[in-house]
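Trainee: Attaching a single structure in structure tokens format; questions to follow.
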Amino acid sequence: MKPRSVAAAVAVILLGGLTLLNASWLAPKPREHLRILAHRGVHQTFSAEGLSQDTCTATRIKPPTNPYLENTVPSMAASFAAGASVVELDIHPTTDGEFAVFHDWTLECRTNGQGVTRDQTMSALKTLDVGYGYTADQGRSHPFRGKGVGLMPTLDEVFQAFPGRQFLINIKSNDPTEADRLIAYLRAHGRPTDQRLWIWADGRSGDRVLALAPRAILMSKTRAKACAARYLAVGWSGYIPHACRRNFILMPLNLRRAYWGWPNRLIARADAAGSGVMIVGPVGKGRPAGLTEARQLDAVPAGFSGVVVTDEIETLGPAGRARWPTD
17 MKPRSVAAAV AVILLGGLTL LNASWLAPKP REHLRILAHR GVHQTFSAEG
67 LSQDTCTATR IKPPTNPYLE NTVPSMAASF AAGASVVELD IHPTTDGEFA
117 VFHDWTLECR TNGQGVTRDQ TMSALKTLDV GYGYTADQGR SHPFRGKGVG
167 LMPTLDEVFQ AFPGRQFLIN IKSNDPTEAD RLIAYLRAHG RPTDQRLWIW
217 ADGRSGDRVL ALAPRAILMS KTRAKACAAR YLAVGWSGYI PHACRRNFIL
267 MPLNLRRAYW GWPNRLIARA DAAGSGVMIV GPVGKGRPAG LTEARQLDAV
317 PAGFSGVVVT DEIETLGPAG RARWPTD
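Throughout the sequence shown, residue numbering follows the numbering used here, covering 17 to 343 in sequence.
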């Protein structure tokens with residue numbers, strides 16, 4: 017046999033072996049139900065095109081189709097009612113020992129206040145109108161002005177409003193002392209810091225979270241990229257890299273077939289490693305973090321038991337419940 021033929025035969029055998037090793041049908045059917053994570057909850061949507069870290073998204077909203085403002089208790093209630101299993105929220109420590117649930121680093125974009133959010137007392141933040149700055153027509157009208165006074169909650173007020181519900185807490189700072197304050201705050205209020213605690217935090221604050229609460233689920237952009245790169249490189253062997261453990265394997269919807277063992281074999285491997293699989297929006301410039309259209313759920317198999325992220329829970333939630341009923 018010619019060397020070229022031998023090489024071709026070896027390649028075919030290796031490819032066949034890898035295919036069998038990662039065949040989804042060889043894994044057990046997942047036992048859990050699909051979970052939907054509402055990024056920003058029910059909120060005022062906006063174009064993601066050309067966004068930068070300093071873009072004021074409140075001034076570029078689309079014409080409102082709902083009465084809710086992100087990071088407020090009414091928004092979270094609407095999210096869970098629509099079918100969310102998890103709601104993402106943002107936090108900032110305050111000067112009087114609280115944690116304010118609010119997205120922006122500064123107050124000027126959304127509210128009638130001024131200054132850095134974390135430089136305020138919670139009592140002062142409670143007086144602000146969190147709907148003050150929203151406009152869909154370049155400032156000619158402000159449909160939520162006057163309707164958001166007092167709606168900025170504390171983190172514990174959120175927990176009290178939704179006992180037993182799951183949240184993804186987004187730490188906005190790279191300051192490791194913020195992790196110290198958060199974990200101490202959670203423990204002082206009797207909140208779990210084990211695997212029931214989901215946190216999004218990068219850099220030093222994320223490292224500190226794991227040092228203080230090693231069983232917590234920690235996600236970040238850095239960890240997500242490292243996990244994806246390493247799993248795509250070695251996942252064919254069945255190994256889950258360390259960067260993916262105590263974490264979610266974040267998978268862009270349009271790249272799902274590139275992940276070894278998709279779907280059932282991948283889910284089984286992640287479960288065995290104390291991890292999970294989370295589907296996020298398709299990669300591409302100007303695209304939102306999560307799914308936004310019900311038709312995108314066609315790409316999610318019936319047996320999928322991971323997490324799907326959406327930026328429009330009012331659309332994806334009912335569609336998800338129709339396709340994956342829990343009763």
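Ideal placement from N, C-alpha and C gives every residue a C-beta, glycine not left out.
A quick note: this is a predicted structure, and the numbers were derived from the prediction, not measured.
When we look at the beta-carbon of Glu114 and count the other beta-carbons within 10 Å, is it buried (16 or more) or exposed?
Mentor: So Glu114 ends up on the buried side.
Trainee: Going by the beta-carbon positions, is the gap between Thr132 and Val146 smaller than 9 Å?
Mentor: For the sequence presented, residue 132 should be read as Val rather than Thr. No, the pair does not count as a contact, with Cβ atoms beyond the cut-off.
Trainee: If you pair each beta-carbon of the segment 69 to 83 with each one of the segment 118 to 126, do three or more pairs fall below 8 Å?
Mentor: Yes: the two stretches touch, three or more of their Cβ pairs being nearer than 8 Å.
Trainee: Here's a check: name, in chain order, each residue in its chain whose Cβ is nearer than 7 Å to the Cβ of Pro257, leaving out the five neighbours to either side.
Mentor: Taken in chain order, the residues that qualify are Cys243, Arg246, Tyr247 and Val250.
Trainee: With DSSP as the reference, label Val323 as helix, strand or coil.
Mentor: Strand at Val323.
Trainee: Between the Cα of Arg134 and those of Ala259, Gly206 and Phe118, spot the shortest distance and give me the residue it belongs to.
Mentor: Arg134 has its Cα closest to that of Phe118, out of Ala259, Gly206 and Phe118.
Trainee: With respect to the alpha helix (DSSP H) encompassing Met92, which residues constitute its N-terminal and C-terminal limits?
Mentor: That run of the alpha helix (DSSP H) goes Val89 to Ala98.
Trainee: Between the alpha carbons of Thr143 and Thr111, how many angstroms are there, rounded?
Mentor: Near 15 Å, if we compare the C-alpha coordinates of Thr111 and Thr143.
Trainee: So what does DSSP say about Trp278, is it helix, strand or coil?
Mentor: In the structure shown, Trp278 sits in coil (DSSP, three-state: anything other than H, G, I, E or B).
Trainee: Once the 5 residues before and after Arg203 are set aside, which same chain residues still bring their CB inside 8 Å of it?
Mentor: Result list for Arg203: Thr209, in chain order.
Trainee: Does the beta-carbon of Glu194 have 16 or more other beta-carbons within 10 angstroms, so that it is buried, or is it exposed?
Mentor: The residue in question, Glu194, is buried, as its Cβ has 16 or more Cβ neighbours within 10 Å.
Trainee: Does the beta-carbon distance from Arg51 to Val225 come in below 9 Å?
Mentor: Cβ distance not < 9 Å, so Arg51 and Val225 don't count as in contact.
Trainee: Closest by CA to Leu228, which one among Ile215, Tyr148, Cys260 and Pro298?
Mentor: It is Ile215 whose Cα lies nearest to the Cα of Leu228.
Trainee: From Gln60 to Trp278, what does the alpha carbon distance come to, in whole angstroms?
Mentor: About 34 Å.
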